[in-house]
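First comes the structure, then the notes that go with it.
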Amino acid sequence: MKRFAALFDAIDQTTKTTVKVNELAAYFAEAPERDVIWTIALLSHRRPKRTVRTGELKMWAAEAAGIPYWLFEETYHIVGDLAETITQVHPAIEDTMDESLGYWIDFVRGLDKLDEQAKRERVLFAWNNLGTTSRFVFNKIITGNFRVGVSQQLMIKALAKCYQIEEPVIAHRLMGNWDPVHTSVDELFLLEHSGDIHSRPYPFYLAYALESPAEELGDIREWIAEYKWDGIRGQLIQRGGLTYVWSRGEELVTDKFPELEALGELLPDGTVIDGEILPYKEGNPLPFALLQTRIGRKNLTKKHLDEAPIILLAYDILEFEGKDIRFYPLDERKKILEGIVSQTNDPRLQLSQELVVDNWEQLTELRAVSRERYSEGLMLKRRDSQYLTGRKRGDWWKWKVNPLTIDAVMIYAMRGHGRRANLYSDYTFAVWNGDELIPFAKAYSGLTDKEMAQVDAFVKRNTIERFGPVRSVKAELVFELAFEGIQASPRHKSGIALRFPRISRWRTDKPASEANTLDDLKALLHQFI
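Numbering (the numbering used here) for the sequence shown: -5 to 523.
In structure tokens, the structure reads:
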């Protein structure tokens, strides 16, 4: 654990990517194999299951530190991080044990079946025997909130350097349904047929946002343009007679989409298709909100399937007849994909259609009306592009439509977390309904540090009521909110929910009385029904 805590310190205290890669590579070369596997798991978001409730940890930490629970809560709101708060309220000590990272993760996993008193005794034992940094890492793991400033791509670079394996190979082998409890380094990286190769997806190729004029991309004939759909990016895999559906977040979601599992059985073995899981009915995409009714449900009923039918809108094909074809030019991959879709001849599998235009002006006109098709804009892909790993510049671009906007009044503010723990930086906004302000959205991004400090000062001077970390404030400040979509929502008092709301600017030029109304929001909603 001391070795892992030292690694955590080293990579958390630098912004230099080369230093982080070198520190990781050195750690992978020296650490015990189980610690290597668990480090890879932690850095690729395969954290151990939570075994202790947050409320229990806070109560035990306050008792062990000899402070009132209310004082611990106030400290937590200021610090903004539970693991750090628990660590800091205890006296600093040196490590009295030299057990491995694997030992302490097994320790956390072993709490699952214990009663509350036994859990308390075990957790206090850990706190009393781990030095400050080791204790902080332990707390990060047990709270299920382990994060450190290392992207998966940097970890892939370090693993490639340590094991002398090409980065795309490492990236591919990290995908899939592997379990750190039962997987060795050899099985993950070094054996030719490591892990569960049937279920393993490919790393997704991601696009950068196009911010310069599209005309600067050159001859439009060198590009394929398609609509950018608002669904869940996924890969449909048919291998070894079995079907797997993976989301872009590396989550196996086959059970959430039984239609796609049945569709997979119609595909030739050794096929991997990249596409968008879309709510779809009678030849048209449906709002993303319908897809959300299926996400997170343990059991899907016939009603859910009927109300939110889905398709896979196929963008690309990555594997054909068991062969990795990502290095084929996009035009060739599209022809193979078109043949697969035609051969399958199933309405649940649709081909993403190329937008045929003569020039960038015509494409710009199509982009302008894309939201009316429940599209977020356009995708632009170079015809000769390979299917790469991660986010790369040059060959794939997303050309999204401008966001929708509304002017709203701030009525509540809440303290932030982390570096914003001392600032009121999370806001609730409202619009007018007659003489009443109706809350309809929350946002916490979009302001500069200077603006946030000014809003914080306003909140502290103009508080009406306090509700723990939340304050209601005088209805005076107006902000323009930007958002990607809008839908009806019976769960909200306004009857409306926004998709990805954020602050686009502070309307210092506008009094609260001139903010938008609930009728304005409903008018926007009706444009997309």
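Even for Gly, the Cβ is constructed at its ideal location relative to N, Cα and C. Please read these numbers as outputs of a predicted model, since none were measured by experiment.
Item, Value
"What number of angstroms, rounded off, separates the C-alpha of Gly143 from the C-alpha of Gly74?", "17 Å"
"Does the Cβ of Ile458 have 16 or more other Cβ atoms within 10 Å, making it buried, or fewer, making it exposed?", "exposed"
"Between the Cα of Glu115 and those of Ala58, Glu160 and Leu374, spot the shortest distance and give me the residue it belongs to.", "Ala58"
"Hey, Tyr199 and Asp310: beta-carbon distance below 9 Å or not?", "yes"
"Would you kindly report the start and end of the unbroken beta strand (DSSP E) that includes Gln481?", "Gly479 to Ala482"
"Please confirm whether Glu93 and Glu50 have their CB atoms less than 9 Å apart.", "no"
"Could you tell me the distance, in whole angstroms, from the CA atom of Arg167 to the CA atom of Gln7?", "29 Å"
"Need the endpoints of the beta strand (DSSP E) that Phe314 sits in, please.", "Ile304 to Phe314"
"DSSP on Asp389, reduced to helix/strand/coil?", "coil"
"Going by Cα to Cα distance, which pick from Ala424, Trp391, Gln448 and Pro484 is closest to Tyr202?", "Trp391"
"What's the call for Ala23, buried or exposed, on a 16-neighbour Cβ count within 10 Å?", "exposed"
"Quick one: is Val266 buried, meaning 16 or more other Cβ sit within 10 Å of its Cβ, or exposed?", "buried"
"Is the distance from the Cβ of Met408 to the Cβ of Leu471 below 9 Å?", "no"
"Can you pull the DSSP bridge partners for Lys436?", "Thr422"
"Note down, in chain order, each residue of its chain lying with its Cβ closer than 6 Å to the Cβ of His187, except the 5 sequence neighbours on either side.", "In this prediction, His187 has a pLDDT of 49, which is less than 50 and means its spatial position is unreliable; what the coordinates show is noted afterwards. Same-chain partners within the cutoff: there are none."
"May I ask you to list the residues that DSSP assigns as paired with Asn171?", "Asn171 pairs with nothing; no bridge assigned."
"Out of Gln232, Leu37 and Arg493, which one is the CA nearest neighbour of Gln147?", "Leu37"
"Among Trp98, Leu124 and Glu68, which residue has its Cα nearest to the Cα of Thr90?", "Leu124"
"Roughly how many angstroms lie between the CA atoms of Gly189 and His176, to the nearest whole one?", "At Gly189 the pLDDT is 41, less than 50, meaning the model places this residue with poor confidence; the figure from the coordinates comes in the next sentence. Distance between the alpha carbons of Gly189 and His176: 10 Å."
"For Glu374, count the other beta carbons within 10 Å of its own beta carbon; 16 or more makes it buried, fewer makes it exposed. Which is it?", "Correcting the residue identity first, residue 374 is Leu in this sequence and not Glu. So Leu374 counts as buried."
"Could you name the residues of the same chain whose beta carbon sits closer than 6 Å to that of Lys151, not counting the 5 residues immediately before and after it, in chain order?", "Val15"
"Taking the beta strand (DSSP E) that Ile526 belongs to, which residues open and close that run?", "Nothing in the structure corresponds to residue 526, since the chain is present only between -5 and 523."
"Measuring straight from C-alpha to C-alpha, what distance separates Arg288 and Thr12?", "42 Å"
"Could you compute how far the alpha carbon of Ala77 sits from the alpha carbon of His84?", "12 Å"
"Taking the straight line between their C-alpha atoms, what separation do you get for Ile61 and Arg(-3)?", "32 Å"
"Note the first and the last residue of the continuous alpha helix (DSSP H) segment covering Gln344.", "Element bounds for Gln344: not the alpha helix (DSSP H) but the beta strand (DSSP E), Leu343 to Leu345."
"I want to know whether the segment 253 to 272 touches the segment 228 to 241 - three or more CB-CB distances under 8 Å.", "yes"
"Any contact of the segment 355 to 364 with the segment 332 to 340, i.e. 3+ C-beta pairs under 8 Å?", "no"
"Here's the rule: buried if 16 or more other CB atoms are within 10 angstroms of the residue's CB, otherwise exposed. What is Ser439?", "exposed"
"Exposed or buried, Ser206, counting other C-beta atoms within 10 Å across all chains shown (16 or more means buried)?", "exposed"
"Alpha carbon to alpha carbon, what distance is there between Asp420 and Ile80?", "24 Å"
"Please report the Cβ distance between Ile319 and Leu272, rounded to the nearest whole angstrom; I am assuming they are in contact, meaning their Cβ atoms lie under 8 Å.", "Their Cβ separation, rounded to whole angstroms, is 24 Å, which puts Ile319 and Leu272 out of contact at 8 Å."
"If you compare alpha carbons, which of Gly462, Arg129 and Ser466 is closest to Arg455?", "Ser466"
"Grab me the residues of Asn510's own chain with a C-beta within less than 6 Å of its C-beta, minus the 5 sequence neighbours each way, in chain order.", "Ile400, Asp401 and Val425"
"Report buried or exposed for Ile72, applying the criterion of at least 16 other Cβ atoms within 10 angstroms of its Cβ.", "exposed"
"If you reduce the DSSP assignment to three classes, tell me which class Asn456 lands in.", "coil"
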